[in-house]
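Number of protein chains: 2
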Amino acid sequence: MMRTGRRAGSADTRGEILAAARHVFGEHGFENASVRKVASRAGVDPALVHHYFGSKQALFLAAMELPIDFNGLVEQVMAGPRREVGARLVRQTLELWETPATRSLLMGIVRSATTDEVAASMLRGLLAEGPILALTRANGGPDAALRATLAGSQVVGLAMARYVIRVEPLASASTEEVVRTVGPSLQRYLVGRL
Amino acid sequence: MMRTGRRAGSADTRGEILAAARHVFGEHGFENASVRKVASRAGVDPALVHHYFGSKQALFLAAMELPIDFNGLVEQVMAGPRREVGARLVRQTLELWETPATRSLLMGIVRSATTDEVAASMLRGLLAEGPILALTRANGGPDAALRATLAGSQVVGLAMARYVIRVEPLASASTEEVVRTVGPSLQRYLVGRL
DNA sequence: CACCGAATTCATCGTCTGTAGAATTCACCG
DNA sequence: CGGTGAATTCTACAGACGATGAATTCGGTG
Chain W
3 MMRTGRRAGS ADTRGEILAA ARHVFGEHGF ENASVRKVAS RAGVDPALVH
53 HYFGSKQALF LAAMELPIDF NGLVEQVMAG PRREVGARLV RQTLELWETP
103 ATRSLLMGIV RSATTDEVAA SMLRGLLAEG PILALTRANG GPDAALRATL
153 AGSQVVGLAM ARYVIRVEPL ASASTEEVVR TVGPSLQRYL VGRL
Chain S
3 MMRTGRRAGS ADTRGEILAA ARHVFGEHGF ENASVRKVAS RAGVDPALVH
53 HYFGSKQALF LAAMELPIDF NGLVEQVMAG PRREVGARLV RQTLELWETP
103 ATRSLLMGIV RSATTDEVAA SMLRGLLAEG PILALTRANG GPDAALRATL
153 AGSQVVGLAM ARYVIRVEPL ASASTEEVVR TVGPSLQRYL VGRL
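Top line first, the protein sequences correspond to chains W and S. According to the numbering used here, the stretch in the first sequence is residues 3 to 196, in order. According to the numbering used here, the stretch in the second sequence is residues 3 to 196, in order.
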C-alpha cells in the first residue's frame, strides 16, 4: 500500500500523467476513457490528476495540445515540384500517423471527435483552418476554403480507414503504394481542376 | 405514475424501442448512449428494453441492422456511362446520408466505430466487403480489393467531414457541387488508372 | 369465463464515474 | 533547523450505468 504524502526524490509526475492521458485517450477516446484509467497507468492516485488539471476536460485539452510543427510541415509539402504536392501531403500525413508520439494524439482527437463536441471542434479547426488551408491558400483561387475541406475529407478518411478501422488491404499497404494511389486525389483537391 | 402491467390496446412497442435506439445511438454512439435514454425516448421502462433484446449490445445489433437495398444501390450506380460511375456513387452516398431513416443508422455506426469493436467491424465490412467491392469487382482487375478500400476511405471521410464533424464550407455545399468535386476521385479509385 | 403467456413496471444490486475535502509527507527557503 | 507550500494519497459522495427478478396487468385461447 503506497503511503500518503509527497514522494521522495523529484520526478516529472505531471508529465507522466500527460503521457498516460495521451495513451488512454488515444485508445478509448474522450468519453470512454476514465480519469481512473489514466491515473492507474501513470501509477498515481486519481485525485492527483484533478489536483494538476482540475477536470477531465482540462486534462484532455492539455494532453491533446499539438506538439506538431505545422509551419515546418507546410514548408516541406510546398518544397518540390508543384505537380507532386498531393503526394508529399500524403507522405507527411502517413509519417505523422506512424510516429507513436503524434499517432496517439491524432488517434485521441479522431476517436473523440465523433461524440465529443470539444474534440470535434479541434478536428474541424485542423481540417478547415489548419495546415491544409495554408496549402490551398498558397495556390491562390477563391475556392481555397472548399478545396481545403475536400482535401481534409480525404485525409481524415484515409486515417480512419487505415489506422482507426484498420480495413484491409489498405491498412497493410506500403507507404509508397498509398502515396501513389491517394496522392493524385489530393493533388486535384489542392491545385487541380475541380 | 404509470401503472405496472400490460398496456391496453396493442402498439408496436418493440418497433418504437428500435426507432428510439436508432435515434439515440445515432446521436451519441454506442458507448455514450444508455439503455435508459433509449427507454425514456420510447416512453418505456428500461427493463422492457432488456426484456426484448437481452443486452445493450444485442439492442445495438438489432437497431443497426441495415434496411438498405445494396443490390439495388449497386445496380443504380452501374446503370449509365462508365465514366460517370464515380459521380453516381457520390450521389447515392449523399442520398443515403440525407434520408433521415438511413442517416441516423449510418451516423450510429460511424459514431460508434471509432471506439467500439463491434461497430468497427460493421464499418469494416461495409467498406471492404460491401457494395463498393461489388462495384470494383464488376470492372475486373486483380486490385479490386485495394480499389474498394481506397474508395471507401474517401466515402467515409466525406461522411465524417460533411455530416459528423460538419466542417464548412463542405457541410453546406450543394449536392451537385459535391458530386462534381468528389466524383472524379472516386472515379479514379473505382475504374481509373491508379 | 378461466387460464396461460406475453407485456410492462418497480425496486434493487453492484459497479464505475467525475469530483471534492481532509490528511499526510516531503522539498526548499530562511 | 523550523516552517511554509507543494505533492501525494485516502476516503467519500452522489449520480449514472447495465442488469436481474419479482410483481402486476392485459390479450387471446379453450
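Backbone N, C-alpha and C fix where the C-beta goes; we use that ideal spot for every residue, glycine too.
Look at residue i and residue j and say whether their C-beta atoms are less than 8 Å apart.
{"i": "MET124/W", "j": "TYR165/W", "result": "no"}
{"i": "THR95/W", "j": "VAL157/W", "result": "yes"}
{"i": "MET66/S", "j": "LEU107/S", "result": "yes"}
{"i": "LEU129/W", "j": "VAL169/S", "result": "yes"}
{"i": "ALA44/W", "j": "ALA22/W", "result": "yes"}
{"i": "ALA147/W", "j": "TYR191/W", "result": "no"}
{"i": "LEU50/S", "j": "ALA64/S", "result": "no"}
{"i": "VAL180/W", "j": "VAL92/W", "result": "yes"}
{"i": "ILE167/S", "j": "ALA150/S", "result": "no"}
Which of the three DSSP states, helix, strand or coil, is assigned to residue i?
{"i": "GLU67/W", "result": "coil"}
{"i": "ALA13/S", "result": "coil"}
{"i": "SER197/W", "result": "The structure shown does not extend to residue 197/W, since chain W spans only 3 to 196, so no value can be given for it."}
{"i": "ASN34/S", "result": "coil"}
{"i": "GLU178/W", "result": "helix"}
{"i": "ALA49/W", "result": "helix"}
{"i": "THR146/S", "result": "Per the sequence shown, residue 146/S should be read as Ala rather than Thr. Looking at ALA146/S - three-state DSSP - the assignment turns out to be helix."}
{"i": "THR117/S", "result": "coil"}
{"i": "GLY82/W", "result": "coil"}
{"i": "ASN73/W", "result": "helix"}
{"i": "THR6/S", "result": "coil"}
{"i": "GLU18/S", "result": "helix"}
{"i": "THR183/S", "result": "helix"}
{"i": "GLU29/S", "result": "helix"}
{"i": "GLY56/W", "result": "coil"}
{"i": "VAL169/W", "result": "coil"}
Shorter than 8 Å from the beta carbon of residue i to some beta carbon of chain S?
{"i": "PRO186/W", "result": "yes"}
{"i": "GLY56/W", "result": "no"}
{"i": "THR101/W", "result": "no"}
{"i": "ARG198/W", "result": "This structure leaves residue 198/W out entirely; chain W is present only between 3 and 196."}
{"i": "ASN34/W", "result": "yes"}
{"i": "THR138/W", "result": "no"}
{"i": "VAL190/W", "result": "One point to set straight first is that residue 190/W is Arg, not Val, in the sequence displayed. Interface residue, yes."}
{"i": "PRO171/W", "result": "yes"}
Please identify the residue among the options whose C-alpha is closest to the C-alpha of residue i.
{"i": "LEU172/W", "options": "GLY56/S, ASP71/S, SER155/S, THR6/S", "result": "SER155/S"}
{"i": "VAL46/W", "options": "ALA175/W, GLU97/W, ARG8/W", "result": "ARG8/W"}
{"i": "SER36/W", "options": "ARG16/W, GLY17/W, PHE62/W, ASP14/W", "result": "PHE62/W"}
{"i": "ASP14/S", "options": "TYR54/S, THR183/S, VAL26/S", "result": "TYR54/S"}
{"i": "VAL193/W", "options": "THR183/S, SER176/S, VAL120/S, VAL193/S", "result": "THR183/S"}
{"i": "HIS25/S", "options": "ILE167/S, PRO102/S, GLU178/S", "result": "PRO102/S"}
{"i": "PHE72/S", "options": "GLY56/S, LEU20/S, LEU98/S", "result": "LEU98/S"}
{"i": "GLY74/W", "options": "ILE111/W, ARG149/W, SER174/W, GLY132/W", "result": "GLY132/W"}
{"i": "THR177/W", "options": "ARG195/W, ILE134/W, GLU100/W, ARG16/W", "result": "GLU100/W"}
{"i": "VAL120/W", "options": "ARG84/W, LYS58/W, ALA175/W", "result": "LYS58/W"}
Taking CB distances under 8 Å as the criterion, tell me whether residue i reaches chain W.
{"i": "ARG113/S", "result": "yes"}
{"i": "HIS52/S", "result": "no"}
{"i": "GLN94/S", "result": "no"}
{"i": "HIS25/S", "result": "no"}
{"i": "ARG8/S", "result": "no"}
{"i": "GLY154/S", "result": "yes"}
{"i": "GLY159/S", "result": "yes"}
{"i": "VAL87/S", "result": "no"}
Exercise. Is there contact between the segment 113-130 of chain S and the segment 27-39 of chain S, where contact requires at least three CB pairs shorter than 8 Å?
Worked result: In this structure the segment 113-130 of chain S touches the segment 27-39 of chain S; the number of beta carbon pairs closer than 8 Å is three or more.
Problem set entry | Stretch pair the segment 178-193 of chain S + the segment 68-88 of chain S: three plus CB contacts closer than 8 Å | Yes, they touch.
Exercise. Would you call the segment 123-142 of chain S and the segment 128-140 of chain W in contact, with 3 or more CB pairs under 8 Å?
Worked result: By the Cβ rule, the segment 123-142 of chain S does not count as touching the segment 128-140 of chain W, because fewer than three pairs are nearer than 8 Å.
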